[in-house]
Structures are given as C-alpha cells and as structure tokens.
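Heads up, the thing below is written out as structure tokens.
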Amino acid sequence: MMTTAKPLDFLWFIPSSGDGAYLGSDDLSRPADPGYFREIAKAADRLGYSGVLIPTGVACEESFILAADLAAHTERLKYLVAIRPGTASPAYYARLASTLDRVSNGRLLLNIVVGGSAQELAGDGIFLPHDERYDHAQEFFEVFNSLIQTGKAHLDGKYIKAHNAQLGLPPVQQPRPPLYFGGSSDAAIEFSGGITDKYLTWGEPPEQVAEKIAKVRKAAGPHGKDVTFGIRLHFIVRETDDEAWEAADRLISKLSDETIAAAQEVFAKSSDSVGQARMVALHQGRRDKLEVSPNLWAGIGLVRSGAGTALVGSPKTVAKRLREYQDLGIDTVIASGYPHLEEAYRVSELLFPELGLPGPHDQLRSTFGERKVFGGGGHGGNVKTASAS
Numbered sequence: 193m194m195t196t197a198k199p200l201d202f203l204w205f206i207p208s209s210g211d212g213a214y215l216g217s218d219d220l221s222r223p224a225d226p227g228y229f230r231e232i233a234k235a236a237d238r239l240g241y242s243g244v245l246i247p248t249g250v251a252c253e254e255s256f257i258l259a260a261d262l263a264a265h266t267e268r269l270k271y272l273v274a275i276r277p278g279t280a281s282p283a284y285y286a287r288l289a290s291t292l293d294r295v296s297n298g299r300l301l302l303n304i305v306v307g308g309s310a311q312e313l314a315g316d317g318i319f320l321p322h323d324e325r326y327d328h329a330q331e332f333f334e335v336f337n338s339l340i341q342t343g344k345a346h347l348d349g350k351y352i353k354a355h356n357a358q359l360g361l362p363p364v365q366q367p368r369p370p371l372y373f374g375g376s377s378d379a380a381i382e383f384s385g386g387i388t389d390k391y392l393t394w395g396e397p398p399e400q401v402a403e404k405i406a407k408v409r410k411a412a413g414p415h416g417k418d419v420t421f422g423i424r425l426h427f428i429v430r431e432t433d434d435e436a437w438e439a440a441d442r443l444i445s446k447l448s449d450e451t452i453a454a455a456q457e458v459f460a461k462s463s464d465s466v467g468q469a470r471m472v473a474l475h476q477g478r479r480d481k482l483e484v485s486p487n488l489w490a491g492i493g494l495v496r497s498g499a500g501t502a503l504v505g506s507p508k509t510v511a512k513r514l515r516e517y518q519d520l521g522i523d524t525v526i527a528s529g530y531p532h533l534e535e536a537y538r539v540s541e542l543l544f545p546e547l548g549l550p551g552p553h554d555q556l557r558s559t560f561g562e563r564k565v566f567g568g569g570g571h572g573g574n575v576k577t578a579s580a581s
C-alpha cells in the first residue's frame, strides 16, 4: 500500500458550547467562556495548527462573531465558520463573509451546514424536508457565490429571490474563501459535487470513508470540480497505546447508562441526518464494542451528536492510522480532544513530529537557531548547556 508523503493540513476545534474532562458529567466541566476560547485559539496559533473549526448550533456561540474576536488575538490561524442557508439571506452572508475575510486578512474558511436536526431548524424558521433543503441550498449558493466573486447577483428561484443584489467590498481571498461541506445522504453528496471545494467526512472506518470519497468524486465529475477531502476526528494520543486507552476509558468513566440511553433517544427523535445515523450505527449505544476499526473508538458518540469517533493510541500508532486515511485521499484533519486546551498541546507535541508537521519547537528553532537548547522544564529537569557555536 502507498503511504502518502505530503503533510496533512491539521486544524483544531473551538468548543464554543463548553468543554470538560469527562463526557456526560459536570465534573471538571468548563462553561462557554470567551476568554477560554481565546486561550485555545492562541495556543493553536502558537502550536502549529493551520486553523480552527468553530461549530454552529443553538448551544454554541455564533461562529462569525466568535471568529472575528479570535482573529484579533491570533496571527496565522484560519477560521472555519458556518454558513447555514435559510437562517439569513445569501446577500447578508456574503457581506458577513467578505468583511470577516477582510478584517482577518484572508483567514476565513466557510463551512456549509445545511442542518440535520428538524427541531433546531424549525426554531430557525426552516421547515423544508431533508432532501429539499439541498435544493434550497443550491439556489442559496448560486446567489452567494455570484455576489462574493463578482459583486452582483440576480435570481428568481423557487426558494431564493434576489433582485439585482450587490456586494460593495470584495473578500481578500480570490475568487472567494474556500467552501467546506460534509453530508452523507445521496442528496448531500449530489449537492457537494457542484459546490464544495473540500468535502468533510466524520471519522468512519477507512472502507466507509473510501466509499464516500468515490461517490463525491463521481458527483463532482460532471461539474469539472477537483474536490479535496478532509476528516473530522477526536484524538486521544499518549506516549504509549496503553496510556491512550486508559485515557479513553477515563473520558467516559462518569457516564451512566441512563445518560447514554437518553442521548441516543434524542438523536433518534430529533435528527434526520444520515451522517448521524451512521455514527450511531458504529456503536449502537453499547459500551462493549467501541473500537469499531483498529484504534478508531466510538465512545464519544455515545452522548455527543455529530463527530463521535476518536483515534486512540501512541503517536506512532495514530500516525499510522492517519496515513491510511491519507492514502484514500484525505489531506485535511479537523481535530479535537477533551479538554481542548490541554489536548491541543498533547496532539501538537506528541503527534506532529510523527506526521512531519512543524510544532512550537520548530518555531523556536527557526527564531533562535540551534544556539539555544532548553531542557527539563521546572525544578529538577535536566538542563542542557547552550552551545557556543
């Protein structure tokens, strides 16, 4: 099997609805706090991540506003923020996107979120059936893309009517910021073929990811689009495999069977997302079969909607699994771990060297050269003498 040598693009995650050390428990939980989000963003910026995903939903801070705040406190970090067709007009979203790209100096990435919770969509005033939401999104992005790329748009569509719409100020990125999208249904994949720059999948076993990639490439073919691919995963990386699996067990150690059952019932009743159903099918609400593929652990999906799997293991083990996804066509990873501040450090310090990605130590070396070498850290560390050369 081929092993792709090209480095992965590695993003982190801003837990804008709150964070914690345990799933399904208030013990050691952290509330949604803008100061904490800045800590994570500044750490990710320093640690070598290329960007961060800011989620969307009724429990989350608004992604555009939060990204604007975090961009002011970081230098290089890009921000993957959500466009949700139907919650605002395409003209308004075009102004939001252009302005955020301008004030961040071209650090905006756009994540298309059509939505999978009928209950949440109804609260936003969206009552379209599942597949029809993608027909609506198609018209939405016809207007949005025309505005942000040319400054003008006109459409008399079934769902969207925009008469001689205009955008006064263009984005920094040309022709527009990249569009990311994830969806597992046939309607979603068909939609992705003509719109998406980067298709995202949740962390499913490699054979399932390969099937999705093949379907998206087939859908993109008639449109002449060269779609690239990313994967959304949690990570539990420790110095040894045993330590990593112990950390995975600890993450759900305060999770009761009643909490799992209640969460699974909510997912079943409130969501018509095919991707969510695929996540649930991996574990079926059971604790005893959570390793659904080598080192791919579905414990997070017991109570968390959306991305519900983690890669668990030592740096060498996890890097090997990522290379398997990379050989399928994945070039981007959107990662997270609980709690997100500490795990951002662990993943960068332990995993990045195995992947050939630059981390904080590489940045220090580029700044200071090899003249200064720091060791130990704290009292009792093995302090190395700086070289005189």
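193 is the number of the first residue of the sequence shown in the working numbering; add one for each residue after it.
Where is the CB? At the ideal position from N, CA and C, for every residue including glycine.
Exercise for the section: Would you check if the distance between the CB atom of ALA440 and the CB atom of VAL504 is smaller than 8 Å? Expected result: The residue labelled residue 440 in the question sits at position 248 within the sequence shown. The residue labelled residue 504 in the question sits at position 312 within the sequence shown. Yes, they are a contact pair.
Exercise for the section: Would you list the residues sitting across from ASN356 in a DSSP beta bridge? Expected result: In the sequence shown, counting from the first residue as 1, residue 356 sits at position 164. BP columns for ASN356 are empty, so no partner.
Exercise for the section: Measure from the alpha carbon of GLU435 to the alpha carbon of each residue in ILE246, ILE275, ARG538, then state which is nearest. Expected result: If you number the sequence shown from 1, residue 435 lands on position 243. Considering only alpha carbons, the answer is ARG538.
Exercise for the section: Could you pull out every residue in the same chain whose Cβ sits closer than 6 Å to the Cβ of ASN303, ignoring the five residues on either side in sequence? Expected result: In the sequence shown, residue 303 corresponds to position 111, counting from 1. A distance below 6 Å between beta-carbons, with the five flanking residues on each side excluded, links ASN303 to the following residues of its chain, in chain order: LEU272, ALA274, TYR372.
Problem - Rounded distance between the beta-carbons of LEU482 and PRO588, thought under 8 Å - result: This structure cannot settle anything about residue 588, because the visible part of the chain is limited to 193 through 581.
Exercise for the section: Identify, in the order they occur along the chain, each residue of the same chain with its Cβ nearer than 8 Å to the Cβ of GLY477, setting aside the five sequence neighbours on each side. Expected result: Residue numbering aside, residue 477 sits at position 285 when the sequence shown is read from its first letter. Here the set comprises ILE452, ALA453, GLN456, LEU494.
Handout entry: Alpha-carbon spacing of HIS571 relative to PHE383, whole angstroms
Key = Position 379 of the sequence shown holds residue 571. Position 191 of the sequence shown holds residue 383. For HIS571, the predicted model reports a pLDDT of 44, less than 50, meaning its position is unreliable; a value from the coordinates is still stated below. So the alpha carbons of these two residues sit roughly 57 Å apart.
Exercise for the section: Could you spell out where the beta strand (DSSP E) holding VAL484 opens and where it closes? Expected result: As a first step, residue 484 must be located in the sequence shown, where it is residue number 292. From DSSP, the beta strand (DSSP E) with VAL484 extends over 483–485.
Practice task
Check the C-beta distance from GLY249 over to GLU312 and give it rounded, since I have them as a contact under 8 Å.
Solution key: Sequence index remark: in the sequence shown, residue 249 carries index 57 (1-based). Sequence index remark: in the sequence shown, residue 312 carries index 120 (1-based). Yes, GLY249 and GLU312 are in contact; Cβ-Cβ is about 7 Å, under 8 Å.
Practice task
Please state if the CB of ALA511 and the CB of LEU543 are separated by a distance shorter than 8 Å.
Solution key: In the sequence shown, counting from the first residue as 1, residue 543 sits at position 351. In the sequence shown, counting from the first residue as 1, residue 511 sits at position 319. For LEU543 and ALA511, yes; Cβs fall inside 8 Å.
Practice task
With SER528 as the anchor, note down where its beta strand (DSSP E) starts and where it stops.
Solution key: In the sequence shown, residue 528 corresponds to position 336, counting from 1. Unbroken beta strand (DSSP E) run through SER528: 522–528.
Exercise for the section: Could you tell me which of ILE428, SER462, SER528 sits nearest to LEU488, measuring between CA atoms? Expected result: Along the sequence shown, read from residue 1 onward, the residue named residue 488 stands at position 296. Selected option, being the one with the closest Cα: ILE428.
Practice task
Tell me where the alpha helix (DSSP H) around HIS322 begins and ends.
Solution key: On the sequence shown, position 130 is the one that residue 322 refers to. Its alpha helix (DSSP H) spans residues 322–342.
Problem - Closest residue to PHE421 among THR432, ARG287, ALA490, ASP389 (Cα-Cα distance) - result: Reading the sequence shown from its first residue, position 229 is the one you call residue 421. Of the candidates THR432, ARG287, ALA490, ASP389, the one whose C-alpha sits nearest the C-alpha of PHE421 is ASP389.
Handout entry: Start and end residues, alpha helix (DSSP H) containing ARG238
Key = Translated into positions along the sequence shown, residue 238 becomes position 46. ARG238 -> alpha helix (DSSP H) spans 226–239.
Practice task
Note down the Cα distance separating GLY416 from GLY491, rounded to an integer number of angstroms.
Solution key: Within the sequence shown, numbered from 1, the residue matching residue 416 stands at position 224. Within the sequence shown, numbered from 1, the residue matching residue 491 stands at position 299. Taking the straight line joining both Cα atoms gives about 39 Å.
Problem - Buried/exposed call for TYR326, threshold 16 Cβ in 10 Å - result: Stepping through the sequence shown from its first residue, residue 326 is reached at position 134. TYR326 is buried by the Cβ-count criterion.
Practice task
Just mark TYR530 as buried or exposed, buried being the case when its beta carbon has 16 or more other beta carbons within 10 Å.
Solution key: Counting from 1 along the sequence shown, the entry for residue 530 is found at position 338. Buried, by the Cβ-count rule.
Exercise for the section: In the DSSP assignment, find the unbroken beta strand (DSSP E) run with LYS270 in it and report its ends. Expected result: One-based indexing of the sequence shown puts residue 270 at position 78. First-last of the beta strand (DSSP E) with LYS270: 270–275.
Exercise for the section: Using beta-carbon positions only, say whether ALA251 and SER209 come within less than 8 Å of one another. Expected result: In the sequence shown, counting from the first residue as 1, residue 251 sits at position 59. In the sequence shown, counting from the first residue as 1, residue 209 sits at position 17. Taking 8 Å as the Cβ cut-off, ALA251 and SER209 qualify as a contacting pair.
Practice task
Look up LEU262 in the DSSP assignment and say whether it is helix, strand or coil.
Solution key: As a position in the sequence shown, residue 262 is number 70, starting the count at 1. Helix.
Practice task
State the Cα-Cα distance for the pair VAL472 and LYS404, rounded to the nearest angstrom.
Solution key: Here residue 472 refers to the residue found at position 280 of the sequence shown. Here residue 404 refers to the residue found at position 212 of the sequence shown. Going from the Cα of VAL472 to the Cα of LYS404 covers about 17 Å.
Exercise for the section: Going by DSSP, name the residue or residues bridged to LEU371. Expected result: In the sequence shown, counting from the first residue as 1, residue 371 sits at position 179. BP columns for LEU371 point to LEU302.
Exercise for the section: Report, in whole angstroms, the separation of the C-beta atoms of LEU320 and GLU334, which I expect to be a contact under 8 Å. Expected result: As a first step, residue 320 is located in the sequence shown; it is residue number 128 there, counting from the start. As a first step, residue 334 is located in the sequence shown; it is residue number 142 there, counting from the start. Not confirmed; about 17 Å, so no contact.
Exercise for the section: For ARG430, count neighbouring Cβ atoms within 10 angstroms of its own Cβ and tell me buried if that reaches 16, exposed if not. Expected result: Position 238 of the sequence shown holds residue 430. That one is buried.
Practice task
Report whether the distance from the Cβ of LEU320 to the nearest heavy atom of the ligand FAD is below 7 Å.
Solution key: The ligand content of the structure shown is nil, which means the ligand FAD is not present either.
Exercise for the section: Please name the residue or residues paired with PHE544 in a DSSP beta bridge. Expected result: Counting from one through the sequence shown, the residue named residue 544 turns up at place 352. Bridge partners of PHE544: none, in fact.
Exercise for the section: Go to ARG424, then tell me how far its beta strand (DSSP E) extends in each direction, as first and last residue. Expected result: For the purposes of this step, residue 424 is taken as the residue at position 232 of the sequence shown. It spans 420–429 - the beta strand (DSSP E) in which ARG424 sits, taken as one unbroken run.
Exercise for the section: Just the C-alpha distance for LEU239 and LEU203, rounded to the nearest angstrom, thanks. Expected result: As a position in the sequence shown, residue 239 is number 47, starting the count at 1. As a position in the sequence shown, residue 203 is number 11, starting the count at 1. Cα-Cα distance, rounded: 11 Å.
Handout entry: SER497 and GLN518 closer than 8 Å at C-beta
Key = Against the sequence shown, residue 497 aligns to sequence position 305. Against the sequence shown, residue 518 aligns to sequence position 326. No, Cβ-Cβ distance for SER497 and GLN518 is not below 8 Å.
Practice task
For my contact list, GLY385 and ALA412 are in at a C-beta cut-off of 8 Å; report their separation, rounded to the angstrom.
Solution key: The residue given as residue 385 occupies position 193 in the sequence shown. The residue given as residue 412 occupies position 220 in the sequence shown. Indeed, because the Cβ distance is near 4 Å, the residues count as touching under 8 Å.
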